[in-house]
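Written out below as structure tokens is the structure these notes cover.
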Amino acid sequence: MPNTEARNGGKAAAPATKLCRYTEQAVYYGESDLVADLLGRASFIDVFMQQTFGRTPSPAERQIVEAVLVTLMEHGMTPSAIASRMIYASSPENLQAGVAAGLLAVASQFVGTMEPAAALLDRIVAAGEQGAAEAQRIAAEFRSSRRAVPGFGHHLHRPDDPRAIALLRLARELGTDGQRCAALALLATEVDAAAGRHITINATGAIAAILGDIGIPAALMRGFAVLSRTAGLIAHIAEEQREPSGRFIWSLVDHAMTQAPPSA
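This is the structure we're talking about:
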């Protein structure tokens, strides 16, 4: 490793970014000239993947990413959408404040559960030939602690989540399914056995597997949810502009939670 401190008079070299630089005549994304190389030539997904992961996706990988982004964009009146609408109703001059509020809800309980699900799949893959036994251990751990297994279960979609079925089928058709899709199948078998009934693989469970199989690390998977959900929240704010619901939501909650309890 070069001795950067020695070359800088004993001082540590300042950190540098390789993502962007600019001159009087050009802006560069990495080594690509924004105007000459990217505008009108590269898709948003291609540029995002190159900037974030240092590679341009193959046509099959591009389809997987596109499917994931479309799947995660809209979930109806979930906490993130409600938060966006309420904050926008409070500060209509700041569209970005409403979007930011909604993005804070992309976490371990809603929308962002592909990250912990991917970590479980990584454990099974790392176990190699003992993958089935590791899947059994994981299912037993969650069952004994009465916790939901990340990537499994849904309050509405039963017995199966149609989104998960479609995403996993797409990966098979494109030939991108691999070790993590196989690990998901192992885990699903053990989750069902531990519960004594069928538990659906939900959309984020499928997303954890199909993104993992195209080389996306678990620690960055939630970024796809953030990217996609941003578009969905902008759509909710656009609808809020046309047909405001903020006061209705406020009044509904206020009425439901502050009524005097019925008399004995």
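Just so you know, the sequence shown maps onto residues 1 to 264 in our numbering.
Each residue gets a CB set at the ideal place from its N, CA and C atoms; glycine is no exception.
Answer yes if the region 196–215 comes into contact with the region 138–154, meaning at least three C-beta pairs across the two stretches below 8 Å, and no otherwise.
yes
Which residue spans inside the region 202–239 form an unbroken alpha helix (DSSP H) run of at least 4?
203–212
Whose C-alpha, out of P15, A188, Q25, A193, is nearest the C-alpha of I201?
A188
Less than 7 Å between the C-beta atoms of G76 and A225, yes or no?
no
Do L186 and A135 have their beta-carbon atoms positioned less than 7 Å apart in this structure?
yes
By DSSP, does D33 sit in helix, in strand, or in coil?
strand
Have a look at L227, I214, T204, R41 and flag the residue whose alpha-carbon is nearest the alpha-carbon of E61.
I214
DSSP has Y28 in a bridge; who is on the other side?
R21, D33
Less than 7 Å between C-beta atoms, sequence neighbours within five positions excluded: which residues of the same chain meet that for Q109?
none
Pull up the CB-CB distance for I45 and V65, whole angstroms please, since I reckon it's below 8 Å.
5 Å
Here's the rule: buried if 16 or more other CB atoms are within 10 angstroms of the residue's CB, otherwise exposed. What is P57?
buried
Reference E243, options L174, E31, A12, R85, closest by Cα:
R85
Determine the direct distance from the alpha carbon of R158 to that of H236, and round the result to whole angstroms.
27 Å
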